[in-house]
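Okay, so the sequence shown: first residue is 48 according to the numbering used here, each after it adds one. I have placed the structure first, in the form of C-alpha cells, so that the comments after it can refer back to it.
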Amino acid sequence: MKIKSVLFTPVQIGKLEIPNRFVRSATHDFMAARDGSATERQIALFENLARGETGLIITGHAYISPEGIASPYQTGAHNDDLVDGLSRITNAVHKHPARIFLQLSHAGRQTTPKICGCTPLAPSAVYESTFKVMPKAMSQEDISKVIDDFIQGSRRAKQADFDGVQLHIAHGYLLSSFISLYTNRRTDEWGGSLSNRFRIIAKIIEGIKGSLEKDFPLIVKLNSTDFLPDGLILEESIEIAQILEEKGVDGIEVSGGMAEAGKGSVWKGLLEEDKEGYFVDNASKIKGAVSIPVFGLGGIRTFSVMERIINEGKADLVSMSRPFIRDPSLVQKFHSGEIQESECISCNRCFNLRGISCADLKK
Ligand SMILES: Cc1cc2nc3c(=O)[nH]c(=O)nc-3n(C[C@H](O)[C@H](O)[C@H](O)COP(=O)(O)O)c2cc1C
Ligand code: SF4
Numbered sequence: 048m049k050i051k052s053v054l055f056t057p058v059q060i061g062k063l064e065i066p067n068r069f070v071r072s073a074t075h076d077f078m079a080a081r082d083g084s085a086t087e088r089q090i091a092l093f094e095n096l097a098r099g100e101t102g103l104i105i106t107g108h109a110y111i112s113p114e115g116i117a118s119p120y121q122t123g124a125h126n127d128d129l130v131d132g133l134s135r136i137t138n139a140v141h142k143h144p145a146r147i148f149l150q151l152s153h154a155g156r157q158t159t160p161k162i163c164g165c166t167p168l169a170p171s172a173v174y175e176s177t178f179k180v181m182p183k184a185m186s187q188e189d190i191s192k193v194i195d196d197f198i199q200g201s202r203r204a205k206q207a208d209f210d211g212v213q214l215h216i217a218h219g220y221l222l223s224s225f226i227s228l229y230t231n232r233r234t235d236e237w238g239g240s241l242s243n244r245f246r247i248i249a250k251i252i253e254g255i256k257g258s259l260e261k262d263f264p265l266i267v268k269l270n271s272t273d274f275l276p277d278g279l280i281l282e283e284s285i286e287i288a289q290i291l292e293e294k295g296v297d298g299i300e301v302s303g304g305m306a307e308a309g310k311g312s313v314w315k316g317l318l319e320e321d322k323e324g325y326f327v328d329n330a331s332k333i334k335g336a337v338s339i340p341v342f343g344l345g346g347i348r349t350f351s352v353m354e355r356i357i358n359e360g361k362a363d364l365v366s367m368s369r370p371f372i373r374d375p376s377l378v379q380k381f382h383s384g385e386i387q388e389s390e391c392i393s394c395n396r397c398f399n400l401r402g403i404s405c406a407d408l409k410k
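Pasting the structure below:
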C-alpha cells in the first residue's frame, strides 16, 4: 500500500503539472563530456531519478556560453550541436511521469582563466578571493551578449524537449552577482537601484517569454541572502521575487550563500529535525509576498519535516540535492513507507570531479 500524504499530490508550475512535491534541486554532476555534451552516465543518472518517482528534476547548472563555464565536465547549453545529447536525457526521463528542467547559468567571477579561457566576467571589477580572480567589469556589449546567450540556451532547452528552464540567480554566479550590491558597483543603468541591478534578468525573462511559446515554464533559483555584510539581503530578495512574478516567472526556489562569505548553499553536518530546511524560513517570507509556487530547500532530510513545510504553507514544493545522490529512489521509498528519512549525513564527500557519488555508501 502507498503512503498517503500532501507530498504525493500534484502541483502546477505555470500550465505544467508536476506529479508530486519532490524536487531534485540542481546538482552539477561532473559527468558531461569535456565539450559539455551529454553522456551515457548522465542519461542513466536522470532516468534513475525519474524511475524513483522524483516529481521535478532540475539538471546541474548548464553554461550558456564558453566564458560562463564553472568547471570541467559541466553540462553545456552553449551551442546547437548539444541539443541532440540533451534530447536523449529528456527522452529517458519522459518514459516516466517525472518532469525535467534545464538550469541555465553563467559562472561570472566564480571561475578561473584556466577553466574559461578568458578573464572571468562580472558586473564590476571586484576581486574574488576564493577563486583568486580579478574579473573584468562587463561592457555594454558583454551584457547584451549574455542576455542573448541565456535566451539561446532556453531555446535549446525547449528544442531538446525539457519541460522548462531554471535561471540560476544564486550562490554568487553571474546573475546573482548583478543583484548584489557587494559585487555590482556600477553607476550606469545596470547598477545602483534594485531595478537597475535587476535589469539584466528582466531582459533575459522578456527575451525568453517573448521568443518561445509564452507558456514554456520559467523558474528561478534565487539567493535570499549572500551572508555578506554588503551583499544581498532578504528584504531585497522579497522585492525581487515580486518583480519576478510580475514579469511572468512561474516559480521561485529559495537558496542563499556564496563561497566568498565562507557560508555557501551546501551546509555540512546533519541538523536536528527542527533545524532542517535552513532556507525555508526565507522561502516562507518570500511565499508571503507572491502567489506563484515557492520551493523550500536546505538540509531537508525527514519526511515528517517535508510534510510540515507544505502543510504549514511555508513552501509549495520541497527541494533536495544530496539525498538524491545518496539514493535516486528516495521518493519511491518514502511512497512505499520503506524509509522515513534520507540516509544522507551531509558530509559533502559527494563532490567528485570524476562524477558525483555517495562516498559514505562505499565505507
Ligand atoms: C554535488 C553538488 C552539486 C551542486 N550543484 C548545483 C548546481 O549546479 N546548481 C545549483 O543551483 N545548486 C547546486 N548545488 C546546491 C544544491 O542544489 C542545494 O541547493 C544544496 O545542496 C542544499 O540542498 P541539500 O541540503 O538537499 O543538499 C549542488 C550541491 C551539491 C551537493
Ligand atoms: S557523500 Fe553521501 S552521505 Fe555524504 S553528503 Fe554526499 S550523498 Fe550525503
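We treat Cβ as the ideally placed atom computed from N, Cα and C, and that holds for glycine.
Would you decide whether residue i is buried or exposed? Buried here means 16 or more other CB atoms lie within 10 Å of its CB.
{"i": "phenylalanine 326", "result": "buried"}
{"i": "glutamine 289", "result": "exposed"}
{"i": "leucine 54", "result": "buried"}
{"i": "asparagine 138", "result": "exposed"}
{"i": "leucine 400", "result": "exposed"}
{"i": "proline 167", "result": "buried"}
{"i": "isoleucine 50", "result": "exposed"}
{"i": "threonine 56", "result": "exposed"}
{"i": "cysteine 405", "result": "buried"}
{"i": "alanine 169", "result": "buried"}
{"i": "methionine 181", "result": "exposed"}
{"i": "asparagine 67", "result": "buried"}
{"i": "alanine 172", "result": "exposed"}
{"i": "proline 160", "result": "exposed"}
{"i": "arginine 369", "result": "buried"}
Say the cut is 8 Å; is the CB of residue i nearer than that to a heavy atom of ligand 2?
{"i": "isoleucine 252", "result": "no"}
{"i": "alanine 73", "result": "no"}
{"i": "serine 171", "result": "no"}
{"i": "leucine 408", "result": "yes"}
{"i": "serine 240", "result": "no"}
{"i": "cysteine 391", "result": "yes"}
{"i": "isoleucine 386", "result": "no"}
{"i": "isoleucine 347", "result": "no"}
{"i": "arginine 373", "result": "yes"}
{"i": "cysteine 405", "result": "yes"}
Tell whether a beta-carbon distance below 9 Å holds between residue i and residue j.
{"i": "valine 70", "j": "threonine 101", "result": "yes"}
{"i": "valine 352", "j": "glutamate 320", "result": "yes"}
{"i": "phenylalanine 197", "j": "isoleucine 255", "result": "yes"}
{"i": "alanine 308", "j": "glycine 278", "result": "yes"}
{"i": "glutamine 206", "j": "serine 134", "result": "yes"}
{"i": "glutamine 213", "j": "leucine 149", "result": "yes"}
{"i": "valine 193", "j": "leucine 228", "result": "no"}
{"i": "serine 284", "j": "valine 296", "result": "no"}
{"i": "isoleucine 347", "j": "glutamate 385", "result": "no"}
{"i": "glutamine 379", "j": "arginine 146", "result": "no"}
{"i": "valine 313", "j": "leucine 291", "result": "no"}
{"i": "lysine 310", "j": "isoleucine 252", "result": "no"}
{"i": "glycine 412", "j": "serine 84", "result": "This structure cannot settle anything about residue 412, because the visible part of the chain is limited to 48 through 410."}
{"i": "asparagine 270", "j": "alanine 217", "result": "yes"}
Can you find a CB in chain D that lies within less than 9 Å of the CB of residue i?
{"i": "alanine 249", "result": "Of the protein chains in the structure, only one exists, and it is not chain D."}
Taking the alpha-carbon of residue i as reference, which of the options has the nearest alpha-carbon?
{"i": "leucine 92", "options": "Glu283, Arg373, Thr272", "result": "Arg373"}
{"i": "serine 118", "options": "Ile104, His153, Arg146, Ile248", "result": "His153"}
{"i": "phenylalanine 274", "options": "Ser52, Gln150, Asn329", "result": "Asn329"}
{"i": "arginine 202", "options": "Ala172, Trp237, Asp262", "result": "Asp262"}
{"i": "valine 140", "options": "Glu354, Cys163, Ile104", "result": "Ile104"}
{"i": "isoleucine 356", "options": "Ala80, Ser331, His75, Leu318", "result": "Ser331"}
{"i": "leucine 317", "options": "Gly298, Cys394, Val341", "result": "Cys394"}
{"i": "glycine 123", "options": "Asp76, Cys165, Leu96", "result": "Asp76"}
{"i": "proline 264", "options": "Met305, Asp208, Gly239", "result": "Asp208"}
In the DSSP assignment, find the beta strand (DSSP E) that holds residue i and state where it starts and stops.
{"i": "valine 343", "result": "Per the sequence shown, residue 343 should be read as glycine rather than valine. Glycine 343 -> beta strand (DSSP E) spans 341-343."}
{"i": "glutamine 187", "result": "Run containing glutamine 187: none in the beta strand (DSSP E); it sits in the alpha helix (DSSP H), 187-206."}
{"i": "glutamine 379", "result": "Where glutamine 379 is concerned, there is no enclosing beta strand (DSSP E), although the alpha helix (DSSP H) it sits in stretches over 377-383."}
{"i": "lysine 49", "result": "Here lysine 49 belongs to no beta strand (DSSP E), and DSSP marks it neither H nor E."}
{"i": "asparagine 270", "result": "265-270"}
{"i": "aspartate 60", "result": "According to the sequence as given, residue 60 is isoleucine; it is not aspartate. Where isoleucine 60 is concerned, the enclosing beta strand (DSSP E) stretches over 58-60."}
Mind checking whether the beta-carbon of residue i lies closer than 8 Å to any heavy atom of ligand 1?
{"i": "valine 412", "result": "Examination of residue 412 is not possible in this model, given that the chain is present from 48 through 410 alone."}
{"i": "arginine 369", "result": "yes"}
{"i": "threonine 86", "result": "no"}
{"i": "serine 227", "result": "no"}
{"i": "lysine 268", "result": "yes"}
{"i": "asparagine 395", "result": "yes"}
{"i": "serine 224", "result": "no"}
{"i": "phenylalanine 69", "result": "no"}
{"i": "glycine 107", "result": "yes"}
{"i": "glutamine 150", "result": "yes"}
{"i": "histidine 215", "result": "yes"}
Would you give the residue range spanned by the alpha helix (DSSP H) that residue i belongs to?
{"i": "histidine 146", "result": "The question names histidine, but residue 146 is arginine in the sequence shown. It is not in any alpha helix (DSSP H) - arginine 146 instead sits in the beta strand (DSSP E) that spans 146-152."}
{"i": "leucine 92", "result": "87-98"}
{"i": "methionine 353", "result": "350-358"}
{"i": "phenylalanine 69", "result": "Unbroken run through phenylalanine 69 is the beta strand (DSSP E), 69-71; no alpha helix (DSSP H)."}
{"i": "leucine 279", "result": "Careful: leucine 279 lies outside any alpha helix (DSSP H) and carries neither H nor E."}
{"i": "isoleucine 386", "result": "Here isoleucine 386 belongs to no alpha helix (DSSP H), and DSSP marks it neither H nor E."}
{"i": "valine 140", "result": "130-140"}
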